[in-house]
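Colleague:
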Amino acid sequence: MIETRDLTKKYGDLYALERLTLKLEKGDVFGFIGPNGAGKTTTMRILATLLNPSWGEASVCGYSIYTGSKEIRRSIGYMPDFFGVYDDMKVTEYLEFFAAAYRIKGPERRKKVDQVLELVDLGYKRDALVTSLSRGMTQRLGLARVLLHDPQVLLLDEPASGLDPRARIEMRELIKELRSMNKTIMVSSHILPELADICNKIGIIERGKLLFNGTTDEAIRQVRQKRVYLISVGADQNERAAKKLSSFSEIESVGLEAEGTRVRATLRDGVDDGGFIPERLLQEGFRLRSFNEEEIDLEDVFLGITKGITN
Ligand SMILES: Nc1ncnc2c1ncn2[C@@H]1O[C@H](COP(=O)(O)OP(=O)(O)OP(=O)(O)O)[C@@H](O)[C@H]1O
Ligand SMILES: [Mg+2]
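Heads up, this note's numbering is the position in the sequence shown plus 178, with the first residue counted as 1.
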């Protein structure tokens, strides 16, 4: 649904975007993650045919950005990072105005407006002035606006920025709902954890370069190649278990943690399943109290990839 090859945008000597190559299939929710100035907005504006690249290829829904901008604009909903709303317009008037621009006519227009208001949960504000809406409501109105013509592809540029925690959760729920409608979605953020669980694919970009492209799990694996497990066999037995574990050839290092209440075992490179640990401990006569793979902080994964740290 979205494909780019070597997509590049230069401003003078600056590469805002450098040889971006991406592929999104129908139904993909792609989290586009990167710090300020990484090139996220540039990419979305190019895909929305609002900005010309310096070179490279890009197509949306099979149409080239160079020759099919009309078709692309009809099949996408692009929600920019900042958008103005007009004074003295009610929520419904605002949406009807855009529906008219999409040539949605008569009773169909009313119906569409009601539908999108319902979807973004803004029906109760239908008669409010757009300027009276809170930031979170304005963001949802912006999303409603790009859903009017029922686009296949959504480009959402930092839809959750500036929202409070509650509103961020609502925005995520909304994106999940759009995902369940089988839309193809590119959504940007500078926070990995915010997007990780609503996206099936993520891309991490910095200074115009795509540093990572894959699933969240793959991102985690890239940063931490070794698996770490936290184990407890009961506080008084942990030390003995730690000694035993350090004799296993699959285990690289073992340590006691949290005042001896758990054992931290790191597997050797290339050993990617610690499932043997509980089994062997049981064989050795230990009673297993807990056994978990250590969760990695996604913020660390992000920092690891953008700083090129891979251990
Ligand atoms: N019109 C312009 N003229 C010159 N440089 C520009 C222009 N637009 C963007 N840039 C530069 O291109 C780079 C990428 O900007 P872009 O807006 O795509 O980043 P972003 O990932 O969206 O960042 P943010 O998280 O701050 O929104 C930045 O270095 C920016 O300064
Ligand atoms: Mg931006």
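Glycine included, each C-beta is placed from N, C-alpha and C at the ideal position. Nothing here was measured: the structure is a model prediction, and the numbers come from that model.
1) Is the distance from the Cβ of LEU273 to the Cβ of LEU326 below 8 Å?
2) Can you check whether the CB of ARG402 is closer than 8 Å to the CB of GLU428?
3) Check whether the Cβ of THR219 lies closer than 7 Å to any heavy atom of ligand 2, and answer yes or no.
4) For ALA383, write down the residues that DSSP places opposite it in a beta bridge.
5) Would you kindly check if the distance between the Cβ of PRO337 and the Cβ of SER253 is under 8 Å?
6) Look at the alpha carbon of GLU471 and the alpha carbon of ARG346, and state the distance between them as a whole number of angstroms.
7) Could you round the C-beta distance between ARG287 and ALA279 to whole angstroms and report it? I think they count as a contact, below 8 Å.
8) Which one of ILE211, LEU185, MET315 has the shortest CA to CA distance from ASN230?
9) Relative to ligand 3, is the shortest distance from any of its heavy atoms to the C-beta of GLU336 smaller than 7 Å?
10) Excluding the five sequence neighbours on either side, which residues of its own chain have a C-beta within less than 6 Å of the C-beta of ILE398, listed in chain order?
11) What residues match up with PHE469 in a beta bridge as DSSP calls it?
12) Where does LEU481 land, buried or exposed, given buried means 16+ other C-beta within 10 angstroms?
13) Would LEU311 and MET257 qualify as a contact pair, given that the criterion is a beta-carbon distance under 8 Å?
14) Reducing DSSP to helix, strand and coil, say where ARG287 ends up.
15) Using the beta-carbon count (16 or more within 10 Å), is PHE275 buried or exposed?
16) Going straight from the alpha carbon of MET315 to that of PHE469, what length do you get?
17) Ends of the beta strand (DSSP E) at MET267?
18) According to DSSP, is LEU341 part of a helix, a strand, or is it coil?
19) Give me, in chain order, the residues of the same chain whose beta-carbon lies closer than 6 Å to that of LEU334; leave out the 5 immediate sequence neighbours on both sides.
20) Does the beta-carbon of SER410 have 16 or more other beta-carbons within 10 angstroms, so that it is buried, or is it exposed?
21) Can you have a look at ARG458 and say buried or exposed, based on whether 16 or more other CB atoms are within 10 angstroms of its CB?
22) Measure the C-alpha to C-alpha separation of ILE483 and MET222 and round it to an integer number of angstroms.
23) May I ask you to check if the CB of ASP259 is nearer than 7 Å to at least one heavy atom of ligand 2?
24) Please determine whether the Cβ atom of TYR256 lies at a distance below 7 Å from any heavy atom of ligand 1.
25) Nearest by alpha-carbon distance to VAL269: which of GLU430, ARG418, ASP305 is it?
26) Quick check on this structure: which residue in GLY234, GLY452, ASP259 has the alpha carbon closest to the alpha carbon of LEU341?
27) Within its chain, find whatever has a CB closer than 7 Å to the CB of ILE224; leave out the 5 residues flanking it on each side and keep chain order.
28) Which term fits TYR241, buried or exposed, when burial requires 16 or more other beta carbons within 10 angstroms of its beta carbon?
29) Rounding to the nearest angstrom, what Cα-Cα distance links ASN489 and ILE382 in this structure?
Modeller: Taking the coordinates as given:
1) Numbered from its first residue, the sequence shown carries residue 273 at position 95. Numbered from its first residue, the sequence shown carries residue 326 at position 148. In contact: LEU273 and LEU326 (Cβ atoms closer than 8 Å).
2) The residue you call residue 428 lines up with position 250 of the sequence shown. The residue you call residue 402 lines up with position 224 of the sequence shown. For GLU428 and ARG402, no; Cβs fall outside 8 Å.
3) Position 41 of the sequence shown, counting from 1, holds the residue named residue 219. Yes, since a heavy atom of ligand 2 falls inside the 7 Å radius drawn around the Cβ of THR219.
4) Residue 383 sits at position 205 when you count from the first residue of the sequence shown. According to the sequence displayed, residue 383 carries Ile and not Ala. Answer is LEU388.
5) Looking up residue 253 in the sequence shown gives position 75. Looking up residue 337 in the sequence shown gives position 159. No, they are not a contact pair.
6) In the sequence shown, counting from the first residue as 1, residue 471 sits at position 293. In the sequence shown, counting from the first residue as 1, residue 346 sits at position 168. Straight-line Cα distance between these residues: approximately 28 Å.
7) Start at 1 with the first residue of the sequence shown, and residue 287 comes out as number 109. Start at 1 with the first residue of the sequence shown, and residue 279 comes out as number 101. Going by Cβ atoms, the distance from ARG287 to ALA279 rounds to 11 Å, so no, they are not a contact pair.
8) Along the sequence shown, read from residue 1 onward, the residue named residue 230 stands at position 52. Checking every option, the nearest Cα to that of ASN230 belongs to LEU185.
9) Ligands displayed in this structure: ligand 1 and ligand 2; ligand 3 is not among them.
10) Position 220 of the sequence shown, counting from 1, holds the residue named residue 398. Same-chain partners within the cutoff: ILE474, VAL479.
11) Taking the sequence shown and counting its residues from 1, the one referred to as residue 469 is at position 291. Answer by DSSP bridge pairing, in chain order: ILE409.
12) Along the sequence shown, one-based indexing puts residue 481 at 303. Label assigned to LEU481: exposed.
13) Locating residue 311 in the sequence shown gives position 133, counting from the first residue. Locating residue 257 in the sequence shown gives position 79, counting from the first residue. No, these two residues do not count as a Cβ contact at 8 Å.
14) Working through the sequence shown from its first residue, we reach residue 287 at position 109. Three-state DSSP puts ARG287 in a helix.
15) The sequence position of residue 275 within the sequence shown is 97, counting from 1. By the 10 Å Cβ count, PHE275 comes out exposed.
16) Within the sequence shown, residue 315 is the residue found at index 137, counting from 1. Within the sequence shown, residue 469 is the residue found at index 291, counting from 1. Each residue's Cα considered, the two are about 44 Å apart.
17) The residue labelled residue 267 in the question sits at position 89 within the sequence shown. Neither: MET267 is in no beta strand (DSSP E) and is coded neither H nor E.
18) Numbered from 1 along the sequence shown, position 163 holds the residue referred to as residue 341. Coil.
19) Taking the sequence shown and counting its residues from 1, the one referred to as residue 334 is at position 156. The answer, listed in chain order, is MET257, VAL365.
20) Position 232 of the sequence shown, counted from the start, is the residue given in the question as residue 410. Result: buried.
21) Taking the sequence shown and counting its residues from 1, one reaches residue 458 at position 280. Classification for ARG458: exposed.
22) Against the sequence shown, residue 483 aligns to sequence position 305. Against the sequence shown, residue 222 aligns to sequence position 44. Those two C-alpha atoms are separated by around 22 Å.
23) One-based indexing of the sequence shown puts residue 259 at position 81. Within the cutoff, so yes.
24) Taking the sequence shown and counting its residues from 1, one reaches residue 256 at position 78. TYR256: no, Cβ never under 7 Å from ligand 1.
25) Along the sequence shown, one-based indexing puts residue 269 at 91. Closest by alpha carbon: ASP305.
26) Residue numbering aside, residue 341 sits at position 163 when the sequence shown is read from its first letter. Of the listed residues, the one whose Cα sits closest to LEU341 is ASP259.
27) The sequence position of residue 224 within the sequence shown is 46, counting from 1. Result list for ILE224: LEU185, LYS187, PRO231, ALA236, ILE243, in chain order.
28) For the purposes of this step, residue 241 is taken as the residue at position 63 of the sequence shown. With 16 or more other Cβ atoms within 10 Å, it is buried.
29) Here residue 489 is taken as the residue at index 311 of the sequence shown, counted from 1. Here residue 382 is taken as the residue at index 204 of the sequence shown, counted from 1. Residue confidence is low: ASN489 scores 38 on pLDDT, short of 50, so the model does not pin down where it sits. No coordinate-derived value is stated.
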